[in-house]
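Here my numbering is used: the first residue of the sequence shown is 25, the next is one more, and so on.
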Amino acid sequence: MEAETQDALIAALRLQLDWGVDEALEAEPQDRAVRAPERVEAPAARAPSPAPAALRAQPQLLPASVAGTRAQALAAGADSLPALREAMAQFEGSPLKETAMNLVFADGVAESGLMFIGEAPGADEDRLGRPFVGVSGQLLDRMLASVGLSRERDFYITNILPFRPPGNRTPTDAEIALFLPFILRHIELARPRLLVLLGGVSAKALLRSREGITRLRGRWHQVTINEGQALPALATLHPAYLLRTPSAKREAWNDLLMLRRRIDGTD
Ligand code: URA
């Protein structure tokens with residue numbers, strides 16, 4: 025490719041980034057400038073334009089009124105972690121599935137007895153289909169390594185939402201409520217002894233609390249999984265927040281020491 029053409033393409037891509045574009049929703053680009061005149065034709069003269077292939081192939085989204093019931097039924101019907109993963113992949117109740125590249129289910133050792141729960145996948149997680157693999161996940165891994173915990177051996181990790189919200193926006197209350205049956209079933213099937221809730225979205229959703237993470241963190245709470253079953257859960261700061269606010273690392277470190285003491289039975 026000519027150097028000039030390459031420079032022009034890179035400049036065009038940078039401009040897209042400046043404008044806030046950070047993902048491609050369709051496999052083929054659309055030249056909106058060429059398509060524009062079509063829109064001013066009289067409706068009678070316009071032939072119905074076929075839907076793009078990617079859209080035609082997609083199943084219908086469930087109406088919101090039935091999506092919650094469907095999520096509960098799918099979650100309750102899953103009797104193993106692979107079955108739950110499959111049930112979540114089948115779930116057609118959220119538009120997040122249409123914009124995400126991958127379902128992000130979980131990583132680490134399900135049988136470890138220690139389960140971390142974050143908010144939602146980011147761009148790297150969406151691309152790779154694994155939770156906490158981007159910069160905040162790498163920080164989390166380094167912090168946990170400093171208290172002797174490794175993802176390959178000592179813990180299991182997932183998120184409240186299995187699909188990336190476009191542009192990494194904060195999940196809405198409705199999205200959190202919709203996916204709650206799946207995460208509760210996920211916890212039930214993984215059967216951890218301890219939970220760690222990473223950040224405000226995870227802590228508020230699972231503790232059913234309106235308090236912010238700065239008030240919830242640094243304490244052991246109880247997460248009610250189903251009638252008659254509750255698990256100890258430590259709320260702590262999200263690693264993405266620590267990247268933005270390095271001075272908060274001291275608090276996160278104290279939380280990790282609390283976790284270590286609980287694991288060692290010395291608290
Ligand atoms: N943030 C999260 O909450 N989860 C991820 O998987 C990545 C970033």
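We put the beta carbon where it would ideally sit given N, CA and C, even for glycine.
CB contact flag (residue i, residue j, <8 Å)
i: Val128; j: Glu149; result: yes
i: Pro205; j: Gln96; result: yes
i: Thr182; j: Ile141; result: yes
i: Ala259; j: His245; result: yes
i: Ile211; j: Ile237; result: no
i: Leu255; j: Pro216; result: yes
i: Leu108; j: Leu218; result: no
i: Pro119; j: Leu86; result: no
i: Leu261; j: Arg241; result: yes
i: Leu283; j: Val171; result: yes
i: Ser160; j: Ala257; result: no
i: Gly146; j: Gly137; result: no
Inter-residue spacing [alpha-carbon to alpha-carbon] between residue i and residue j
i: Arg232; j: Met139; result: 18 Å
i: Glu116; j: Glu199; result: 13 Å
i: Asp178; j: Ala27; result: 50 Å
i: Gly252; j: Arg151; result: 38 Å
i: Leu221; j: Ser89; result: 29 Å
i: Ala144; j: Ile34; result: 30 Å
i: Ala66; j: Met112; result: At Ala66, the pLDDT of 43 sits below 50, so the modelled position is not reliable; the number obtained from the coordinates is stated separately. Taking the straight line from one Cα to the other gives about 44 Å.
i: Val247; j: Leu208; result: 10 Å
i: Glu110; j: Thr29; result: 45 Å
i: Gly153; j: Asn278; result: 31 Å
i: Ser174; j: Ala276; result: 17 Å
i: Phe203; j: Ala272; result: 29 Å
i: Leu281; j: Ala100; result: 35 Å
i: Asp288; j: Ala169; result: 15 Å
Three-state secondary structure assigned by DSSP to residue i
i: Leu255; result: strand
i: Leu138; result: strand
i: Thr290; result: coil
i: Thr238; result: helix
i: Thr29; result: helix
beta-carbon residue i near the ligand SAM non-hydrogen atom, thresh 7 Å
i: Phe206; result: This structure does not include the ligand SAM; its bound ligands are the ligand URA.
Point to revise | the region 183-200 contacting the region 220-237, beta-carbon criterion three pairs below 8 Å | key: Short answer: they touch.
Check your understanding: Which full runs of the alpha helix (DSSP H) of 4+ residues lie inside the region 82-134, going along the chain?
Key -> Runs found: 88-101, 105-114, 120-123.
Exercise for review: Please confirm if the region 183-190 is in contact with the region 114-123, defined as three or more CB-CB distances below 8 Å between the two stretches.
Suggested key: Result yes; three or more Cβ-Cβ pairs closer than 8 Å.
Practice item. Give, in chain order, every unbroken run of the alpha helix (DSSP H) that is at least 4 residues long and sits entirely within the region 204-231. Key: Runs of the alpha helix (DSSP H) spanning 4 or more residues and lying entirely within the region 204-231 occur at 224-231, in chain order.
Review point. Are the region 149-166 and the region 96-111 touching by the rule of at least three beta carbon pairs closer than 8 Å?
Key: Touching, no, given that fewer than three Cβ pairs across the two stretches are closer than 8 Å.
Check your understanding: What are the start and end residues of each continuous beta strand (DSSP E) run of 3 or more residues lying completely inside the region 146-206, in chain order?
Key -> As far as the region 146-206 is concerned, its whole beta strand (DSSP E) runs of at least 3 residues are 180-183.
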